[in-house]
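Q: One point on numbering: in my numbering, the residue at position 515 of the sequence shown is 507, and numbering is uninterrupted.
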Amino acid sequence: MSNQLRPVEILMVEDSPTDRLIAVEALKQALIINNLHTVENGIEAMAFLRREGKYATASRPDLILLDLNLPKKDGREVLIEIKNDAFLRFIPVVVLTTSDAEEDVISSYGHHANSFVKKPVDFPRFAEIIHSIGDYWFQVVTLPAEDAIRRATRSEPAHPPAPPVRVGQALRVLLVEDDPSSVLLVRDLLADSAMAHFEVEAVSRVQELRKRSDLSRFDIVLTDLGLPDSQGLDTYRQVRSCVAGRPVIVLTGLEDEAVGLSALREGAQDYLVKGELTGRALARAVRYAVDKKSIEEQLRQSQRLEAIGQLAAGIAHDFNNILTIIQGQSQLLATAHLTPESATAVNEIVDATERAANLTRQLLTFSRQQIMHPRVLDLNDVLGDVARMLRRLLGAHISLELQLAAEGTTVEADVSMLEQIVMNLAVNARDAMPGGGKLTLATAVVNVDRARATGPDAYPGRFVRLTASDTGSGIAPDVLPRIFEPFFTTKDVGKGVGLGLATVFSVVQQHRGWIRVSSELRAGTRFEIFLPASTTALVTAPRPVRPLAGGHETVLIVEDEPGVRRLATLALTRGGYRVLSAGSGAEALTLWNTHGRDVDLLFTDLVMPDGISGLQLAALLLERRPGLKVLFTSGYSTDFVGGERPLHEGVNFLQKPYTLVNLATTVRARLDAT
Ligand code: ADP
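1) How far does the beta strand (DSSP E) with PHE497 in it reach, from first residue to last?
2) Mind reading off the beta-carbon distance from VAL659 to LEU613? Whole number of angstroms is fine, and I expect it under 8 Å.
3) Considering only the alpha carbon of each residue, which of GLU193, LEU181, THR336 and ARG209 lies closest to ALA273?
4) Any heavy atom of the ligand ADP closer than 8 Å to the beta-carbon of ASN682?
5) For ASN420 and GLU393, what's the separation of their Cα atoms in angstroms?
6) Just list the residues that DSSP pairs ALA669 with in beta bridges.
7) Does DSSP put TYR650 in a helix, in a strand, or in coil?
8) Can you find the residues in the same chain that come closer than 8 Å, C-beta to C-beta, to VAL198, ignoring five residues on each side of it along the sequence?
9) Determine the direct distance from the alpha carbon of ARG81 to that of LEU57, and round the result to whole angstroms.
10) Using DSSP with H/G/I as helix, E/B as strand and the rest coil, what is ASN439?
11) Look at SER461 and MET425 and say whether their C-beta atoms are less than 9 Å apart.
12) Bridge partners of LEU594, per DSSP?
13) Report buried or exposed for GLN502, applying the criterion of at least 16 other Cβ atoms within 10 angstroms of its Cβ.
14) In three-state DSSP terms, what is MET72?
15) From PHE624, VAL86, ALA308 and ALA436, pick the residue whose C-alpha is nearest to that of LEU655; which is it?
16) Less than 8 Å between C-beta atoms, sequence neighbours within five positions excluded: which residues of the same chain meet that for ASP66?
17) Taking buried to mean at least 16 other C-beta atoms within 10 Å of its own C-beta, is GLN395 buried or exposed?
18) How far does the beta strand (DSSP E) with THR402 in it reach, from first residue to last?
19) Whole angstroms is fine: what's the gap from ALA434's alpha carbon to ALA443's?
20) With distances taken from CA atoms, which of VAL265, ARG474 and ILE212 is nearest ASP283?
21) What residues in its chain sit with their C-beta under 6 Å from that of LEU315, if we drop five residues either side in the sequence?
22) On the criterion of 16 or more Cβ atoms from any shown chain inside 10 Å, does ARG279 qualify as buried, or is it exposed?
23) Considering only residues of the same chain and omitting the five flanking positions on each side of THR651, which have a CB-CB separation below 8 Å?
24) Are the segment 542 to 550 and the segment 593 to 605 in contact at 8 Å, needing three or more beta carbon pairs?
25) Using only alpha-carbon positions, find the residue among ALA281, HIS189 and ALA665 that is nearest to PRO239.
26) Considering only C-alpha positions, which residue in the set ALA337, LEU28, ASN416 and THR10 is nearest to ARG353?
27) Going by alpha carbons, who is nearest to PRO452 out of ASP441, LEU458 and THR446?
28) Do the CB positions of PRO554 and GLY575 come within less than 9 Å of each other?
29) What is the residue span of the alpha helix (DSSP H) that ALA578 lies within?
30) Determine the direct distance from the alpha carbon of PRO84 to that of ALA661, and round the result to whole angstroms.
31) Return the CA-CA distance between LYS110 and ASP7, expressed in angstroms with no decimal places.
32) When you measure from the CB of ASP180 to every non-hydrogen atom of the ligand ADP, does any distance come out below 8 Å?
33) Can you say whether ARG504 is buried or exposed, counting buried as having 16 or more other CB atoms within 10 angstroms of its CB?
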């Protein structure tokens, strides 16, 4: 993997300059190639992780070093927020504490911190922790995409996941040992430990293990290798096969330490020599093995999510090109003289591609690949605009009621993302009311104070609340905690893919808001979404004019996908423009040499195969003609967001798939802009 090695992205949240310097030095000594990002307080840390404001282009950290005593937002709160966040919780967090704060260490573990370092930082311990997390973590984040796809499609292991470890809850140890004095010793040593509370249950034979069906409730298994019914490495193998993926530590005698090493090679978490057992060593080994196992579980889960995200984004990107063609060509067809049947058929195609475009948008939002275009808008207007569509979606048997607040409902948001979450909530409400019912969408302006800011994502301030309440089936209490998980669905195959609420969650988070859900079986469900109220005044943007805008200027279209290129050429030619088209940056440059002086607008795809990207092409042509107007298009790629040139949808950027109306209006507006 050496050729794929990249620096480890580390976020350090630490307000003390001295401690920051020490950590930098410790990283250096640990020989870890890293990009260290430092922030000084909890609010900045969350902004960095959620890529807000000046951190819009921040990298996703591979590891977080978190001081617990921070100004503004406390480190303990930051930890809880990270570990409660569907997207962030898989990033390992190493907590930095002062040496006397045993309480802090224990409670951090309770909130799923992955490790801790005591301050002043002890260099070797620090290096050891980073390396040990690194072994399971950093290798994976540097894997190429093909592996991600393979991982995404690989099925889960059959055994149940390890139960999460909580504060105050005992670690359950299963001891496989036939020598009563050893059983007593282990019990005594663990009972005295200050590190955690252990519950020990002992069995004396492998045979006994085979008969039990409750082994998954143990956090860890300790086994002697010399038992009456099994000896040596074979004991380890047999025990392992019985305990459903639980971590196993083997106990060896001084003389058969080599067998312990062999067991390690076959996957044992550790081995301990019986004659050398001390309370601290035993408790630490058990604790470490359990943590390591739980990191592995989290990692597996996170790999799946990341891989699914990459896969989704990749497919959606290509799919958007195809959709642009289908959508555009069928729209062109709809303007031809058709028989009534053909016209209906064409309209069906247009409708279906719209649905497909929505679906890819959903996938991209969920995997955070969609470019977000926030602007100040009135949430009431958004609801008013989608209401008509919602009525169609809900059907005649469900009534829709809007209860809109009189004023103050402005938010800074991406309109299409908001529409999407309203649609998703409405679809769920519809599915929960097969026999009919009522969906109420309400807006309100609410002031949330400290006392009412309950829930992991909530914080005080002024918010616009969107409530969607239905009179449907309700959500069973055991289902409720899972509804925001990606790909969690209770619907039949073909009816739901479980991305709806995951998307809602992701969108709301990207808007710095949060969600509350309450539900009662057979009575209904209420979703409350809190979005920060905007203080900026609302400027109403002019609505796009309906008739297809045209012109007589010359447009240079650069697009590598032939179908999309033909469509755009056809549409703009029909609009009266003169069109030059090229399939790559190089071709565009050749065309420019002969016709450059005529070109009024460069309309180019951002991603192209032959080495010259849309941005580079624009830069080259702008050097030759500084005033040249440029319009970019792309099947949503964030690669370019945050580059030197800001992209604004509808101004200098047109998102694929685009409709012909969009294309015509944006091209016209770009040409008319001064
Ligand atoms: P999908 O709709 O594809 O199943 P979602 O993520 O939108 O995926 O929803 C996940 C699950 O949450 C649904 O399958 C359903 O069990 C439950 N759910 C969501 N909204 C409601 C609702 N309004 N009433 C009842 N159950 C709901």
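Backbone N, C-alpha and C fix where the C-beta goes; we use that ideal spot for every residue, glycine too.
A: Considering the structure as presented:
1) Element bounds for PHE497: not the beta strand (DSSP E) but the alpha helix (DSSP H), 492 to 502.
2) With a Cβ gap of about 17 Å, VAL659 and LEU613 do not count as contacting.
3) Nearest of GLU193, LEU181, THR336 and ARG209 to ALA273, Cα basis: LEU181.
4) Because the chain spans -7 through 666 in this model, residue 682 falls outside it and cannot be assessed.
5) Whole-angstrom Cα-Cα distance: 16 Å.
6) What is shown of the chain runs -7 to 666, which leaves residue 669 out entirely.
7) Reduced to three states, the DSSP call for TYR650 is coil.
8) Closer than 8 Å at Cβ, skipping near neighbours: VAL168, LEU219, ASP221, SER222, THR227, GLN230, VAL231 and CYS234.
9) Looking at the backbone, the Cα of LEU57 and that of ARG81 are separated by about 14 Å.
10) Looking at ASN439 - three-state DSSP - the assignment turns out to be strand.
11) Not in contact: SER461 and MET425 (Cβ atoms no closer than 9 Å).
12) For LEU594, which the question treats as bridged, DSSP gives the partners LEU548 and VAL622.
13) Around the Cβ of GLN502, a 10 Å sphere holds 16 or more other Cβ atoms; the residue is buried.
14) Sequence inspection shows Ile at residue 72; the Met mentioned does not correspond to that position. In the structure shown, ILE72 adopts helical secondary structure according to DSSP, grouped into three states.
15) Considering only alpha carbons, the answer is PHE624.
16) So the list reads GLY34 and LEU60, once near-sequence residues are dropped.
17) Flag for GLN395 reads exposed.
18) If you look at THR402, you'll find it in the beta strand (DSSP E) that goes 402 to 405.
19) Rounded to whole angstroms, ALA434 and ALA443 show a C-alpha spacing of 23 Å.
20) Nearest neighbour of ASP283 by Cα position, chosen from VAL265, ARG474 and ILE212, turns out to be ILE212.
21) Excluding sequence positions up to five before and after LEU315, its CB lies within less than 6 Å of the CB of THR345, ALA348, ALA349 and PRO649, all in the same chain and listed in chain order.
22) Residue environment: ARG279 is assigned as buried (16 or more neighbouring CB atoms within 10 Å of its CB, all protein chains considered).
23) Only GLN319, GLY320 and GLN323 meet the Cβ criterion.
24) As far as the Cβ criterion goes, the segment 542 to 550 touches the segment 593 to 605, which means the pair count is three or higher.
25) Here the closest residue by C-alpha is ALA281.
26) The residue with the shortest Cα to Cα distance from ARG353 is ASN416.
27) Closest option to PRO452, Cα to Cα, is ASP441.
28) The answer is yes: Cβ separation under 9 Å.
29) For ALA578, the uninterrupted alpha helix (DSSP H) segment begins and ends at 577 to 587.
30) ALA661 and PRO84 have their alpha carbons spaced roughly 47 Å apart.
31) The straight-line gap from Cα to Cα measures roughly 16 Å.
32) Checking every heavy atom of the ligand ADP against the Cβ of ASP180, none is found closer than 8 Å.
33) Per the 10 Å Cβ criterion, buried.
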